[in-house]
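Okay, structure first, notes after.
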Amino acid sequence: MDLRPAPLDLAAAEPHLPAPLRPIARRLDLRLARRDGMESDDVHYLSVGASALNVIRVALSLAGLPEPGRVLDFGSGAGRVTRWLRAAYPDAVLACCDLRPQDVAFCRDLLGVEAWASSADIEAIAFRGPHDLIWMGSVLTHLDEDGTRRLVDRAMAALNPGGLLVASTSGRAARAVQDHDGSYLEGDGWPSVKRGYDEGGYGYVDYPAGEGFAPGYGISLSSPAWLTRLATASPGRRLVMLAEGVWDGNGDVVALQVAPEFARDRDVPGPEAREAARLRDRVAGLEGSTSWRVTAPMRRIAAAIKGPDRG
Ligand SMILES: C[S@@+](CC[C@H](N)C(=O)[O-])C[C@H]1O[C@@H](n2cnc3c(N)ncnc32)[C@H](O)[C@@H]1O
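Going by my numbering, 149 is the number at position 167 of the sequence shown; the sequence numbering is gapless.
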């Protein structure tokens, strides 16, 4: 492992962490990749991970879910948040994937998680589900509108019934940061991002050429109204949480649950009925399987999917 010589300084960060997370912090692996692309000062690095775990725990609680059994950190980087998931859910099967092979190799070696390299082609990404929880931190914040829709669809399809996608987005809080100090984007693309946001709820521009990013990777802004439409446009999706500026003080977080009882009318033919039928089949296949933790909320969901006349 290519490690930074000094481990993360937990003693310096601990007073800044939420009190309920301090016992979990003491179980953290504090070794850091020498080339962690997310490295900042140690207090900030550890606080960002803690903040992610905080919103994940709130979203799981709102969704009525117990500790997840299978968790994917999608776009994990070199484990800024993954290490908190490992410490919080020691019994979970934890996985991570990212475009950067050196980062996923580091997470595998450091944390013993399943890890694989992802793809910039959204349709080609391997999710290796079904998972109970997918965390997607600062990934949608770099995609255009179509990319965000497609990646969310793919992630939702990789969850168990009752499973939860918790994803960060950039909205009004991030917009204020960029307006104030320009820390997210250099160059002259920012006005067009804001125009897209103001006109349709979603703005995006590629990073300027020459900064080392491929076309199709840049900075996005999405409004709460746009995210609500995303959540409610597909059947069987429950909008569990939509909160502004809750991750690291500037990231918005949206949590979507696979909830077939939110398919509007399961008996009307059409895409919604087909989606509900697909979920019913998945539940039937999962029952009795040891990989699916059948919990009280999930049993309720399963009962709702089957309906009274479906045995
Ligand atoms: C801003 S970084 C955030 C890393 C990590 N989530 C964190 O908060 O520390 C965004 C990450 O998303 C990854 N990423 C972008 N597109 C991806 C894709 N299609 N599949 C997997 N990872 C992706 C990038 O490689 C990068 O590591």
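Note that CB positions come from ideal geometry on N, CA and C, so glycine has one too.
Under the three-state reduction of DSSP, Glu96 is assigned to strand. Going by DSSP, Leu212 is part of the alpha helix (DSSP H) stretching over 206 to 215. Note on Asp103: under 16 other CB atoms within 10 angstroms of its CB, so exposed under the neighbour-count rule. Assigned with DSSP and collapsed to three states, Ser174 falls in helix. Beta-bridge analysis with DSSP links Val75 to Arg52. Beta bridge pairing from DSSP links Gly200 with Asp188. Looking only at Arg68, Pro190, Ala156, the smallest Cα-Cα distance to Thr123 is reached by Ala156. Closer than 8 angstroms to some heavy atom of ligand 1: that does not describe the Cβ of Gly111. By the C-beta density criterion, His113 is buried, having at least 16 other C-beta atoms within 10 angstroms.
Using a cutoff of 8 angstroms, the CB of Tyr189 does not count as near ligand 1, since none of the ligand's heavy atoms is closer than that. Looking at the DSSP output, Gly233 bridges to Trp229.
Taking every protein chain shown into account, the CB of Gly200 has 16 or more other CB atoms within 10 angstroms, so this residue is buried.
Looking only at Ile116, His162, Phe88, the smallest Cα-Cα distance to Gly51 is reached by Ile116. For Met(-17) against Leu92, the beta-carbon gap comes to about 6 angstroms, under 8 angstroms, which counts as contact. As the crow flies, the alpha-carbon of Glu181 is around 27 angstroms from that of Ala137.
The continuous alpha helix (DSSP H) containing Asp163 extends over residues 154 to 163. Taking 9 angstroms as the cut-off, the Cβ atoms of Ser202 and Glu127 count as close.
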